[in-house]
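In what follows, a single structure is set out as structure tokens and then discussed.
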Amino acid sequence: DLLNLLSIDKDIERNVNDRINTLESVHDAHVRDIQRLESKLGYIEKNIGFLMGKRDNKKLQIEELLRLPTWKVYEIVKVKCHGENVNEDEIIMLIAHMIFRNSFTVDMFSRVIMRLSYSNVKKVHEKLVNDPAGIIKGWNEGYRCRVLSGLALTARYKMLKDYDSARRIVISEFREVWIKGLIAKPNEFKGNDLKNFVNVVNGMVEYAYVVTNIVKVNDVRLVYTFWEENWNDMIINEWLEKNVDKLNEFQRFIIRAFNNPVISTNSEFKGILLDISKKLKLGIYSGDDINREKFQVYLELLINDIIEGINGDPERVGYVRDLRKEFEGFKSDEHEEELKEVFNV
6 DLLNLLSIDK DIERNVNDRI NTLESVHDAH VRDIQRLESK LGYIEKNIGF
56 LMGKRDNKKL QIEELLRLPT WKVYEIVKVK CHGENVNEDE IIMLIAHMIF
106 RNSFTVDMFS RVIMRLSYSN VKKVHEKLVN DPAGIIKGWN EGYRCRVLSG
156 LALTARYKML KDYDSARRIV ISEFREVWIK GLIAKPNEFK GNDLKNFVNV
206 VNGMVEYAYV VTNIVKVNDV RLVYTFWEEN WNDMIINEWL EKNVDKLNEF
256 QRFIIRAFNN PVISTNSEFK GILLDISKKL KLGIYSGDDI NREKFQVYLE
306 LLINDIIEGI NGDPERVGYV RDLRKEFEGF KSDEHEEELK EVFNV
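So the sequence shown is numbered by the working numbering: it starts at 6 and just counts up by one.
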């Protein structure tokens, strides 16, 4: 009987603790809502002078912004962030306005953070830490907002040479947010997002640890983009070899051409081939979005340069012949696809 009573007491205690935790959670959410409301009221109070006709010399006026659709405000932000002479006061005002309208997206955040001075970056970062869902639209809808905002802040701190702040973000988010998000929701991320990820972690995370986690993500776009910068990595090359079927036809051709001895033994030809891949953004775009005509022109020019460069060396002539054959096969595959489209095969 005593054991039964103790068991009941534990159940009651657990029930009470659960209710307390629920109440605390509701209270915290209520406090955050009040803080957001205060922030919006503060925005109105701060800018009411514009609405009442007290004109400043600012080029943008709040009353004009309020009348504009959201997409038009986005266009204004893009214009204001473009060029060398950036008016930070206007950008900060636009950020506040978009937060007020619940329309400050992570893509816009990533754009404007790159145009802010160190002091303003720190202020925006602090606000984001305190209330991310109240700052960036869609914060709780998947991983993309958390990943891209962290990448953008890290990149900006690196640009401003505050490596300590950049490193703190990477340490706290690399594995638990960035990698986890890329694994859980790969379709949320665009090719450019993955390119930015590769650029940001470069030099910030131990190389071997980066490679291990990139392979875990198992996204061909990410692995190929990383390969463009680290083409001699054995683990990455093994992954590409095992997953060749996941590559699009352009990526497959580049990899095979890169492994042809006439290119792999010549640093100049390797550099040209990698430049072609990066210029046409083969790691970012899907096969349908890649300019096939440009790809073929660039390859023709490279092959012609190789032919001139080998000076009739009999050993390398055979490798060039293999490369040319591979290229002709690539073009004939395109021709077959065109015929299928014409005859609806």
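From the three backbone atoms N, C-alpha and C, an ideal C-beta is built for every residue, glycine too.
- Taking all protein chains in view, the Cβ of A160 is crowded by 16 or more other Cβ atoms within 10 Å, so the residue is classified as buried.
- Per DSSP, H102 is one residue of the alpha helix (DSSP H) stretching across E93 to F105.
- Uninterrupted beta strand (DSSP E) stretches at least 3 residues long and entirely within the stretch 177-241 do not occur.
- Ranked by Cα distance from Y324, the first of A262, K299 and I281 is A262.
- By the Cβ neighbour-count rule, H102 is buried, with 16 or more other Cβ atoms within 10 Å of its own.
- From the listed residues D94, K247, M239 and N218, the smallest Cα separation to I184 is found for N218.
- A straight line joining the alpha-carbon of I277 with that of S269 spans about 11 Å.
- Counting C-beta pairs closer than 8 Å gives three or more between the stretch 250-262 and the stretch 214-232, which meets the contact rule.
- DSSP, read as helix, strand or coil, puts Y324 in helix.
- Taking a C-beta distance under 8 Å as the contact criterion, I240 and V216 qualify as a contact pair.
- Residues of the same chain with a CB within less than 8 Å of the CB of V210, apart from the 5 flanking positions on each side, are V175 and F179 in chain order.
- Between G147 and V205, the alpha-carbon positions lie close to 21 Å from each other.
- By the criterion of a C-beta distance shorter than 6 Å, I281 is surrounded in its chain by Y303, once the five residues flanking it on both sides are discounted.
- Annotation: F258 to R72 spans about 52 Å, alpha carbon to alpha carbon.
- Looking at N248, Y212 and A213, the one whose alpha-carbon comes closest to that of Y229 is N248.
- The Cβ neighbour count for D310, taken over all protein chains shown within 10 Å, is under 16; the residue is labelled exposed.
- When secondary structure is reduced to three states using DSSP, K330 falls in the helix class.
- Y123 and G186 have their C-alpha atoms spaced approximately 28 Å apart.
- The Cβ atoms of G292 and G196 lie no closer than 8 Å to each other.
- DSSP assignment within the stretch 256-323 yields the following whole alpha helix (DSSP H) runs of 4 residues or more, N-terminal first: 266-269, 272-284 and 297-315.
- Apart from the 5 residues on each side of it in sequence, I141 sits with its Cβ closer than 8 Å to the Cβ of F109, T110, V111, F114, L133, C150 and S154 in its chain, given in chain order.
- Within its own chain, no residue has a Cβ closer than 7 Å to the Cβ of E313 once the five positions on either side in sequence are excluded.
- Excluding five sequence positions before and after N125, the CB atoms of its chain that fall closer than 7 Å to its own CB belong to E93 and I97, given in chain order.
- Taken through DSSP and simplified to helix, strand or coil, E89 comes out as coil.
- 8 Å or more divides the Cβ of L279 from the Cβ of I295.
- Counted as a single uninterrupted DSSP element, the alpha helix (DSSP H) harbouring R149 occupies residues R149 to M164.
- Here the alpha carbons of N264 and E246 stand approximately 11 Å from one another.
- If you look at G139, you'll find it in the alpha helix (DSSP H) that goes P137 to I140.
- Counting along the chain, no alpha helix (DSSP H) covers F109, and no H or E run does either.
- Short of 7 Å from the beta carbon of I104, and not among the five residues preceding or following it, lie these beta carbons of its own chain, in chain order: I140.
- In the structure shown, S122 adopts coil according to DSSP, grouped into three states.
- Here the alpha carbons of S337 and K330 stand approximately 10 Å from one another.
- Secondary structure at E243: helix, using DSSP grouped into helix, strand and coil.
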